[in-house]
Each structure stands twice: as C-alpha cells, then as structure tokens.
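So for the sequence shown, my numbering puts the first residue at 220; every next one is plus one.
Every residue, glycine too, gets a C-beta built ideally from N, C-alpha and C.
Treat the numbers as computed from the prediction; the structure is a model and nothing was measured.
Scroll down for the structure; my scribbles are underneath it.
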Amino acid sequence: MTSQLSQNSYAHLFNDAHSFRTDILKENVFCFELENNQPIKLGDGSFGVVYQIRDQNWEKFAVKILYESKAFEKAEFLPAIDEEVIQLFASEFEIDRNDPVIKSLYDISKSSSGFGNFSLELFKAVDGNAQYYKSLLSKVLKEHQSIPVERFTDEIKVSRLIRENFEASKQDVHIEGIVDTIGGTHQFHASEAYRNLKSSFEKSLVKLSNYALVMPFYDWTLKDLLEDGIEKYHIRKTSNLLGVIPKDDLSPYRLSASSKKDLEDEVDKMEIDIRYRDILKSNIYELTGYDILDSMNYEKRICTILAYLIRITIGLNALYAADFSHFDLKPANIFVKDSRIFDVVIGDLGFLKPEEAANETILNTGQNPLPLGTRHYRSPEQKDYFDICNVEIVQANDLVGHERPKFIVRDPKFGDTIIEDKDFLVFSKDKSHTKYEIDEITKSAAGIITITLKLNTKAQKQFVAEKQTQVILYKRQSVRTDLFGLGAIAFDMLTCGKSPEHFYNNLRAYDHETEDISTLMQMYHAVANFQSNEPRLVHVFEPFKHSKLPYYAPPQIVEFILKCMLYKAKNTFYDLNKNKATHFERHTAVIDAALQYLLDLSKTNFPAIYDENPLQMRRFEPIHRSQSSILSQEIRRLQHIPVEELPLRLTRGVCYFKEIVQLLSKTLKNDEIFFAELLPSNITTSDTGMGFYFTVYKNEASYRQDLKNDIVYTKINQSIDNSYVPDSLCFMRRPICLEKTTENHLFRYTFTNSSLLGNNVAKGDWIVMNSRLFEITAVHNFKWLELKAVNDMEPTEYDIEENEDTHQSFNIHDNETIECFYYANLNPCIYYLKMLGIYLYQLFFVGLGDATSDKPLIVNIAQSRMSMTSGGKRAVRIKNGHISNREQSEVSIDLIFQKICQMYLKLTFPSEKNSFYKAANNDNDRIIAVASELEKLQHMIGDFIGIPAVALADYLDRDFKLETKETLKAERKFFKEFPKRLEFNHLIQSLLAIDLSDRACYRENASLPERLQGIINLPVQEILPVVQDILAKEHLSYPQSLDNLDEEDPSE
C-alpha cells in the first residue's frame, strides 16, 4: 500500500518520453532526469558516459551508456579475413601453406562484402568442413567484436557471478564494497529516451552505442572529493608575495577558508599599491579536498583516509572472493554516496577472471585483453608489461632423462626484468603468436639467465637448438596489480596529491629480492628522524614530510604503502602469501592480509572516521597550536623575541623547560619507553602538554638486539652538525681494531677514525663483531680492554657468558688483529640530562649577545679535556656556593642567568660530583632534583618580573604589553642591549674550572716513582683508576684488595 502511494506521488514526474527499459539481470523502467532540458551528465570515462536517471518511484540511479566503436551491427559490419587469422587457422589444424584451403582463404581476404555473402564464401572456401568453418568464423568475429559489446558482456558477467557467489555462500545479497550493476540493455537505440534525446547526446561529440548499464546513484567519485573545490578560498603564498604584504599585516592569511569576496574585500582595505592588490587577488584560489587533508596533522589525516581505504579493501575482498580482479584501481573508480551511512564502493567493473585471460593459448595482438592501468596509478606489471630479448635455444636432459629445451639469456640488462615464473613467452617469428607459460627462471653466479617453459612432450620436440632468436615476454597481471592500486590510492591521499607512480620510480632501486620491508622501514626511520646522510633516501621519502609541520608520516601507514606497492622485496603482503596452493587461495590471502592490517591500524592507533568524515563533509580546519605543533617551531619563535622583551623570553622559556622536565619525569616512569630522542622535531606541544612523536626503543631488549645486529646507529640521530645532538651520541659508534694479547679476555684496541672526544672507552660499553655482542668489562690505560660475550640464548635476559672463552668467540689467535665496531653504552637518563642542558642553552641564551645555535665552544673544550686522561674527570669542576648563598636576597637578572648556567653545567657534566646525575642513586630522584632547582628558578623569574610563579604560564600566549615595558624601565629591568656580563661564555668561565695542567701521575711517559708521588695530593676517589693505570703500564697485577677499596674511607 505504501509503495503504491509512493509510486503514485511521483508518477507525474516520470516522463515516458525520456524512458528506457532494462531486460538483463533485472527488468525495470527508468527515465532520464533533465536540467535546462538536457540530460544531467555525471561524468565520462574510458568506456562510456554516465547520466543521472530515476526509476518509477523517483529514486536516483545512474546509467552508463557505452561508447560506440566498431559496433557489431549487421548493417555496418564488413567482415574480412586477414593474414593473422589465416596463420592462426593453419597453426591450429597444422595445414600446409600450399594447401588449396589456404589459397581459397587468401582469395576471400582480397575482397569484402556483407556478412551474408562473406559467410557463404567462407563455407565454400573450406569445402563445407564444419569444424574449419566454425573456427574461422569465431576468429573473424572475435577480431571485429566491438569494445562496447565486450565491456557490456563483462560487466554483466561480473555482477551476475559475484551475486551468485554471495547467494551460494548464504551472505546478504547486498554486495558490500563494490558497485552492484542492477540491470542492462543492448537495445538502447530502440528506446524512447534515445529517440527523443538523440540531439542532446550528439552535442557531447561522442557516439553512444546500443549498450547501457544501470547502477546505484553515487554522489561523487573519490577523485571528485579530492580535486573539486569546496567553495572556500585562500591566498596562495608565493615568494613574490613576501614583499607585497606589510610585515605586520597578515589579515589576508588569517581569512583563509573564507569566501572569495571576503578575501578580496580584505585585500582592498590594505594600504598598499593597487598593483600589489591585483597580485594578491590573482593568487586567490579555491580550496580542494586535497587542501582539506593537507590542513590536518598526520594523525587526523590518517583517521580520515583510513575510512576510505578500509571500504576499498572490503570491495577488493568481495571481488577476489568471486575470483575476479579489477586492475584499474584509482580515485575515479571509487564511488561515494552522500548518505547517513558511510558508503564507499569500487566501480568500473568488467574484467575477466585473471586465470581465464591467462589461459588463452593465443596472444591477441590487436588489443590487450587486460587493462594497462591509468597514469600515476600503474603497477610495474602494467607499466612494464612486456620485455624483449634474444635467447639461445639448447636441448638438455631433465631429471628423468627427457630432452627439454632451455632458453639462455646472456644480455645483462635482462637481469633487472620483472618477468618471472608463470608469465608468458612468445616467439617473434611465430605468426600465430602462440604464448607459452614460463615454468622457471634461474640466474647463475655469472649473470646468465635460463628460462624453461611448461611444455608437454609433443611441444618439447618442436624446438631445435638455435644460436639466437628473439622472444617477447609478457607479464601476467595478478593480485599485485590491485595491491599496487590500493597502495597508490593510500599514497595519493596521504601525500595530498603526489604521484604514486613517480614515488615508485624513485623507490625502485630498493625494490629487489634481497631487500626487506623491515630494512626499508629502518631507512625511513632514519630519514623521518633527520638522521640519514644519504641524499637519495631523503629524496625518496620526501613526499611523506608534512608540508606545514616539520615531521614525517607515522611509520605504520608508510609500511602499509610499501607492503602494497613494492614488487620484489621480502615481507610484502604478496610475498608473505605467495606460496599458497592455488591462485585463488593466494589472492584472497593477500587481500585479507591488507584488510587486517588496516583494521588493526584503525583499532590501535588511528580510529577511522566514518561519521561526518571531514573529506566527505568538505570541512576545512587549518592547524592551530592548540591542536599540535612541534617544539622546534616554538623555540625558533622564542629565540626571535627582541632583547627589550627579555622578561617575556625568560617567562616563556621557563614554562617550556618545565614541560620538558615533566615529559621526562613521565617517560622515566613509563615501562613502555626505554629510549626516546629528545630532539625538538620529536616533541609535540599541545594544550595538554608535551609528548613524543616517536619512541626509538620501548624496552632494553630491543636496544640490545639492535646492538647485536649493528643497526642502533640507523635509529638514533648522530648528526654532528645538529646542535641538539650531544657529542657523545655523534661518536657512539666507531670502527675499532682489537689485537688479542696472550692474557685471557685482554685486547689492545685502536680506533680507525677520529673523534672530538678522543679514544675514550668505558666499562659497560660494547663491541659488535659478526652479529655477536660483547660487553667491555674493564679498560686499562686507554690501551687495553677486557671483554665478556653476551649470552644470546635468552635474548630477554642478556646475561654475560661467564664460562665462554671470549677469544674463541672471536675466533682469533694471539697477536692477531680483528676489525669490528665499538658502541658507547646508551644510558637514557644521562642522555636526557644532557639534552636538558642543551634546551637551557637554546631557550635562554641563543640569539642574546654572542650566543649562536652552535654548540658552545668552551663546553666542547671542557669535554675534550675530560676525555684526555682518566684524571680529566677532576680536571673539570663546577664551582659552587656563591649563587645559593644569595638566592634569598633581592633577585637580579644576574642571579637568574647565573642560576641557569649553574643548572646547565650540572646537567651537561654528569660525571662531575656536583652534577644532577651524581645527586641521586636512581633516575626518578635525579629528575626530581632537576625539578626542585627549576622551581627555584621559576620563583626567581617571578620575583624579578613581579608575577607569582604559578601565573607564569599565562605569558605563553600573551603579548608583551607596553605598560609591562614601562614598569620594567622604571625598575631598571629593561635592556636595549644584552649585557656583556650575562653572555653565556662569560658566565661559564666564572662557574667552570678547567685544569689544563698535566700532573705527573697522569703522564704516561713519567717514571714509576714520579707517578706514585703524584698520587699523594689526589682525592681518594681518583686513586683507584690511577693506580690501575700505573700497574697496567708496568705489566703488574694489582692486589685483589684494591678492588674492594672503600672510596668513601680515606683511611684505606
């Protein structure tokens, strides 16, 4: 009853004059919807044009009318036999070229006539042989069959088979993730719609065929969502505009995402030359879907695009469950409905089952039976779908004594081909174009490639030894084509419109059988953490760098793209499933693996946004600091605060520093973080505090495992020209030569490169050799070290192998030298403390006086002095006393900067007895000690400015008001120039004592009495290492009792 009422209510809108009927799959009647008396065109593609239609209930649908090419219409079709058809026929029936039948066929080929006359002549030419006649006629019809006929037939076939597959599996008939063709007709020209709208169709300058397919109506393609405008506008920032807009007038940029008129009105208000206004207006452009994605941080962008990727993969899953492939995945073939339910499907179906196309024994040279993709989204097997080379044919006996032809390729350029097992080979001289499946391709150490074919006994005998003949090798398109398309769409959306094909071309040098996804991801980590020194790698992964924020895409989504797009590398989705028993199992397992990866990504890291998806809703939201920003940006802004506003810099600087200390406090308590880099580019700032963008190691076990594999240096930034990388990390890995001595576990060592820190080696450092890990247990006189092998039987324990002969582990003899790698031990807390010192310098000094962003030279000198000898630890001392005694008196700017410098030194020199590291026995208490000193600094800054310490955070987002300046001027707390006495180098010299004298006890060339005499005036804690050095030089063993010396008891 309701349906009848609904139908009657729309009956007056349905126009029979513009209607047509479907009679295939499902019978129904539709009519074209008009706008300005013209059919509403939704788009056009490779095979047809799409219009908007309605059914009798006035529900929206779409019809694709296929283009006309060599349409198979009897009135137009003039069949003929060509050379290729004759050759195929002769080969099939093994008929000699001189046979009378062949001569008769050549006579027919010289004339053309209507289909009826042609059929009669063909029947006479083969002397009434029915088998000959049927074979020839089918070849002629296949060659001349139109693209619309094939396309129509294939799309109907795909929809029918997929529907049958779903019904057989008792699934819902609604096919999820792919366009469900509702019906079709091959008599569209006979419809009222075609007769009455023919003139309108002809205005499109294309001829429409008799074939039409009806499908559900979708409002957009993914291509539309990405490329179409969103009716919001922006001024494109170019270098030419920098000199146009006044320095302090950024109002046009603040109106980003406004209407075009609002932007033009704002430009008209600007007090600039009218020529410059015209330049600004000419740079106003409409924002697109790509701009929506580009405006997001990576976390939100991935959540947005995951919704589409998951739906696309579900569609692929449905296709492959019915044993079909797509082979032309691209945004234009993804359809999106404007509905309450997030509805995204794959369209443009109609390709043969891959194995059906592959099983054709004759290569169709007239037109490729499978699509070769679309530019920017083509997989390697589509872009390089064939290869040509010369082969030598040799006959060789197989394992059972049968002769089997082998095809030898000696051209070294063929070694880079993507041709592989199960692809096809065709001989250039073979006019029948018979294709043979490749059974195996092997490559010798000398680079010679051998190809064997899948041949029956009869076929093997037809080949004879031949020195050289040309062959054409064709790729068999497979699930990798659609997998590449999926990865290409992910790349396109993630990088906001960059070309996936160009990306793969740059990456191709790393796509080979010996490469592994995990290795490539290590390379990506190095680039993303600004650690890579390889310009080529930086160029390859450049598309993943955010255009507005100084960081790269999260590794999880990059790994997904690589596992989809790479062709030869190990551990791709294809590689992990390529050994399944059948092609059906293999293909479905590959798509299942990709889908599961995306679902896990959505569940654990980036929840997919289905409801009110920002791309579908056309919602543009520029990035604000409250969302997320990188600490490096905040520090750069801080360093450009003028000296007149020094109190503002102190206030903001101490607030940022407090947030960093709080971050470290949480990190040291977090069992899920062993080591995270404290680089500004790795720290995000938001209203909720600071956080790490990426964690290098979640536990110590993974760090030890990477030590063993010698890949720690690929994950930790060691760039010496990065002012935020401590020198101890710059030289954490060094090549070293070890010479075995006659004493157990003792090796003489020599570094083969140079270091600013000298040849400093310490107990607890590491040696890596041939994937074996050794711990340094003792160091003597900067010349000898003792080693113990690390037990890798239980990798989570990493016990020292007490009973193993270390020399045997190295497999070296006495006085033999071996090359390996040295790693300084990574103590996360010491690293964090040193990084806090670096931040103090960057936040409070850089840009003031002579302080630059470079590492302070005077500190480098002190660190170098400490590494010169074991006594260097006392050669550098932090002075103490005079600051703390004056903290209770009136606070001056001098006291504040002295306090900052003192904290800097206690952070930078952890081995000094007054350092924060030495102040406690555990890491949490060390950070508490830092926080305690920071609280004192906050109070000093608050007292100086006249603001309670608890209110300092309010200055983070407040302008430095004029009345604040006047108050500070009146109190003589205002500077036009930074005082020389407060410059960093001046303060450090007053707080740090560097003893450059060379005491006799440290001199290696001093006599034994001189060195022993020098011990007398040493602090007790320095006696032990000096005694050990002296006795080692004299080749004497020191008493066991010295090992138990109580360093706190001078009486010993």
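{"Query": "Coarse secondary structure for Q1107, derived from DSSP in three states", "Result": "Here Q1107 scores only 47 on pLDDT, less than 50, and its place in the model should not be relied on; the value that follows carries that caveat. In this structure, Q1107 counts as coil in the three-state DSSP scheme."}
{"Query": "Spatial distance of S900 from E1196 (CA atoms)", "Result": "31 Å"}
{"Query": "Where L571 falls, given that 16 or more other Cβ within 10 Å makes a residue buried", "Result": "Bear in mind that the predicted position of L571 carries a pLDDT of just 47, short of 50, making it unreliable; the figure below should be weighed with that in mind. Burial call: buried."}
{"Query": "Residues bridged to L644 [DSSP beta-bridge criterion]", "Result": "Y655 and L692"}
{"Query": "Span separating the alpha-carbon of F210 from that of L1211", "Result": "As displayed, the chain neither begins before 220 nor continues past 1271, which places residue 210 out of reach and without an answer."}
{"Query": "N-terminal and C-terminal residue of the alpha helix (DSSP H) that Q1061 is part of", "Result": "P1047 to F1063"}
{"Query": "Under the three-state DSSP convention, the category F605 falls into", "Result": "strand"}
{"Query": "G448 burial status per 10 Å Cβ neighbour count (16 or more: buried)", "Result": "exposed"}
{"Query": "Span of the beta strand (DSSP E) around N429", "Result": "L427 to P435"}
{"Query": "Option in I375, A1081, I272 and L307 with minimal Cα separation from K245", "Result": "I375"}
{"Query": "Delimiting residues of the alpha helix (DSSP H) encompassing K519", "Result": "Y517 to A540"}
{"Query": "Run of the alpha helix (DSSP H) containing Q185, from where it starts to where it stops", "Result": "Since the first and last residues shown for the chain are 220 and 1271, residue 185 lies out of range."}
{"Query": "Nearest-angstrom Cα separation, counted from Y770 out to V746", "Result": "10 Å"}
{"Query": "Burial state of H744 (16 or more Cβ within 10 Å)", "Result": "buried"}
{"Query": "Expected contact under 8 Å - CB spacing of Q306 and K650 to nearest Å", "Result": "4 Å"}
{"Query": "Residue burial classification, Q1208 (beta-carbon count within 10 angstroms, cutoff 16)", "Result": "exposed"}
{"Query": "First and last residue of the uninterrupted beta strand (DSSP E) at F911", "Result": "G908 to F911"}
{"Query": "Residues that K240 bridges to, as DSSP identifies them", "Result": "Reading off the sequence, residue 240 comes out as Arg, not Lys. DSSP lists V248 as partners of R240."}
{"Query": "Per-residue burial, R1165 [other beta carbons within 10 Å of its own, 16 or more giving buried]", "Result": "Strictly speaking, residue 1165 in this sequence is Gly, with Arg absent from that position. Looking at its Cβ environment, which holds fewer than 16 other Cβ atoms inside 10 Å, G1165 is exposed."}
{"Query": "Where D735 sits in the DSSP three-state scheme", "Result": "strand"}
{"Query": "8 Å CB neighbourhood of F1040 in its chain, flanking five on each side removed", "Result": "D929, R952, R953, P954, I955, I986, V987 and M988"}
{"Query": "Burial state of K549 (16 or more Cβ within 10 Å)", "Result": "buried"}
{"Query": "Touch test, the segment 885 to 899 against the segment 1045 to 1062, Cβ-Cβ under 8 Å, three pairs minimum", "Result": "yes"}
{"Query": "Under 8 Å between C-beta atoms of L595 and E720", "Result": "The sequence shown places His at residue 595, rather than the Leu named in the question. Result yes, Cβ atoms of H595 and E720 sit closer than 8 Å."}
{"Query": "Start and end residues, alpha helix (DSSP H) containing D811", "Result": "H802 to T823"}
{"Query": "Cβ pair L339, L356 closer than 8 Å", "Result": "no"}
{"Query": "Limits of the unbroken beta strand (DSSP E) element including C1039", "Result": "T1036 to Y1042"}
{"Query": "Beta-carbon spacing of A813, L705 below 8 Å", "Result": "yes"}
{"Query": "Inter-stretch contact (C-beta, 8 Å, three-pair minimum) for the segment 959 to 976 and the segment 1063 to 1071", "Result": "no"}
{"Query": "Counted within 10 angstroms of its Cβ, other Cβ atoms place I810 as buried (16 or more) or exposed", "Result": "buried"}
{"Query": "Residue range of the alpha helix (DSSP H) that includes T870", "Result": "L865 to K888"}
{"Query": "Pair within 8 Å by beta-carbon distance, N748 and N936", "Result": "yes"}
{"Query": "Reduced DSSP category for K764 - H, G, I as helix; E, B as strand; rest coil", "Result": "strand"}
{"Query": "Local Cβ density within 10 Å of A664, reported as buried at 16 or more and exposed below that", "Result": "exposed"}
{"Query": "Contact belief for Y729 with M784 at Cβ below 8 Å, rounded distance in angstroms", "Result": "About 11 Å; that fails the 8 Å criterion."}
{"Query": "A728 - containing beta strand (DSSP E), residue span", "Result": "Note, A728: premise wrong, no beta strand (DSSP E); not H, not E."}
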